[in-house]
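Below you'll find the structure, written out as structure tokens, and then a few comments.
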Amino acid sequence: MTLELRIYRLFSLTLCVLYFAVGCKHVAEREEFDPRKVEESLLHQEAFQSLETKRKLDPSNLHPSEVPYEIGVGDWVEIEITGVAGSRSETFVMPDGRVYYDLAGGVKADGLTVKELSQALEKALRRDYSSPSVNVTLREVRSRRAWLLGRLNKPGLYPLSQPTTLLEGISLAGGLFTSRFSGSTEELADLGNSFVLRDGQVLPVDLLALIKSGDMSQNIYLEDGDYVYLPSSLSQNVHVLGAVMQPQAIGYKDKINIVAAIAHAKGPSPDANLDRVLIIRGSLSEPKVAVVDFKAILAGRATNVELRPFDIVWVPDRPFKKLETYFWLIFDAAATTIAVNEGANSVETIDGVSPNISISIGE
């Protein structure tokens, strides 16, 4: 064999070895990528960026309303014509918003103050009495109520018969539910994920600071229709909301990833924007968010993401720009969904009334 032939064969063998090595490396790299596996990088806290939420607590919420009380449907009132024996009567405001008294017939009371109702009754009674003077006394408030639900000893719907702070409301509901074994409330009420919902918006109230640290700057006055919810720390739900076919809370048992969670919600809706699905994690006072390309996960170009208890998965129906603004829209919608579901679950024991809260999502 000539020297030239030996050199040629050696060179060819070297190329084959290099080609095989490079090929094996590429195969190994392909084998390491598995879209079904969980993306470890998104399990670490650094993958979630902190949000500086701009919603601030209105200082006026820390003071009782100075507006005179307006009578509402269901309120009990006592009516009496001064100087007329036997004219005293107790009645309530009917569903049509009127009170029916003596010869006055039906007089509109809903939305009037006690003084204004007295004047309206006096006007209606002038046909049968000479210069009647009518005294109206509010006996029981039933039209102004607040929902106090969750890990409380007596969750329910409570009347706001007088100015009532958040702590006073929790006291009306029997205080935080206490474990009969340890005497502790911490493992039963998740104060970090508790919230106050008013008119479809979550108020930036830190219940953890209020109850555990005594921060009275968080002790707001409750208003009619407020919804206070203290979830159980043992429930550990994951909420899948937004542009999905069936928004819902999913019980967290062992592990659940984002693909399985959205599948539980019957999949994305036709108008879903899957390029930037959000995972919100952490408490209301210290929220964090991760942006996930769900479309890439479905196409096998990115790996799956494992969720944690209390995560909110939000599938948007449109592109968004300011994450801080969009966070509150998401959190409001999540809280509203929880309020409606929890209120419906309590409807049998609370006068057949459920929260009537609208959901509004927009940029």
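So in my numbering, the last spot in the sequence shown is 363, and the numbers never skip.
Idealized CB from N, CA, C, for every residue including glycine.
Presumed contact (8 angstroms Cβ cut-off) between residue i and residue j, rounded CB distance
i, j, result
"V93", "G72", "7 angstroms"
"D317", "G242", "7 angstroms"
"S130", "T82", "With 8 angstroms as the limit, S130 and T82 do not qualify as a contact, their Cβ atoms being about 12 angstroms apart."
"L207", "L188", "No, L207 and L188 are not in contact; Cβ-Cβ is about 14 angstroms, not under 8 angstroms."
"Q248", "P309", "Not quite, the Cβ-Cβ distance comes to about 15 angstroms (not below 8 angstroms), so this is no contact."
Coil, strand or helix - residue i by DSSP
i, result
"F327", "helix"
"E80", "strand"
"I250", "strand"
"S232", "strand"
"S89", "strand"
"T164", "coil"
"G131", "According to the sequence displayed, residue 131 carries Ser and not Gly. It is coil, neither helix nor strand."
"A209", "helix"
"G242", "strand"
"T336", "helix"
"P268", "strand"
"R198", "strand"
"L121", "helix"
"L152", "strand"
"L103", "helix"
"K115", "helix"
"H279", "Here the sequence assigns Ile to residue 279, which means His is not the residue at that position. Strand."
"L307", "coil"
"N273", "coil"
"P59", "helix"
"I262", "helix"
"K295", "helix"
"L191", "helix"
"E342", "helix"
"S143", "coil"
"A21", "For A21, the pLDDT reaches just 47, beneath the cut-off of 50, and the residue's location in the model is therefore unreliable, although a value from the coordinates is still provided. Three-state result, A21: helix."
"L172", "helix"
"E65", "The residue asked about is misnamed: residue 65 is Ser in this sequence, not Glu. S65: coil per DSSP, three-state reduction."
"S50", "strand"
Distance between residue j and residue i (C-alpha atoms, nearest Å)
i, j, result
"R145", "P155", "13 angstroms"
"V141", "Q246", "38 angstroms"
"T303", "P231", "32 angstroms"
"A334", "I312", "8 angstroms"
"E80", "L203", "42 angstroms"
"D110", "N193", "36 angstroms"
"E223", "D58", "14 angstroms"
"T91", "K108", "13 angstroms"
"V238", "F331", "13 angstroms"
"H264", "N257", "11 angstroms"
"L157", "L166", "14 angstroms"
"G174", "D254", "33 angstroms"
"P270", "R55", "32 angstroms"
"N341", "G150", "12 angstroms"
"K212", "I170", "14 angstroms"
"V114", "T325", "42 angstroms"
"Q162", "S60", "17 angstroms"
"F48", "G282", "10 angstroms"
"S233", "R301", "36 angstroms"
"G225", "P64", "16 angstroms"
Beta carbon of residue i nearer than 8 angstroms to that of residue j
i, j, result
"D96", "L125", "no"
"V277", "V289", "no"
"L117", "V136", "yes"
"L197", "T336", "yes"
"I338", "Y252", "no"
"A419", "L112", "Residue coverage of the chain in this structure runs from 1 to 363, which leaves residue 419 outside it and unanswerable."
"L62", "I220", "yes"
"K280", "V315", "For clarity, residue 280 is Ile in the given sequence; the question names Lys instead. Not closer than 8 angstroms, so no."
"F177", "L284", "no"
"G74", "S143", "yes"
"I297", "V244", "no"
Residue i burial status per 10 Å Cβ neighbour count (16 or more: buried)
i, result
"R329", "Position check: residue 329 holds Leu in this sequence, whereas Arg was assumed. Flag for L329 reads buried."
"N153", "exposed"
"Q218", "buried"
"A85", "exposed"
"D128", "exposed"
"V77", "buried"
"F327", "buried"
"D275", "exposed"
"A299", "exposed"
"P287", "buried"
"T164", "buried"
"D215", "exposed"
"L210", "buried"
"V67", "exposed"
Contact with chain B by residue i, beta-carbon distance below 8 angstroms
i, result
"S235", "The structure shown contains no chain B; it holds only a single protein chain."
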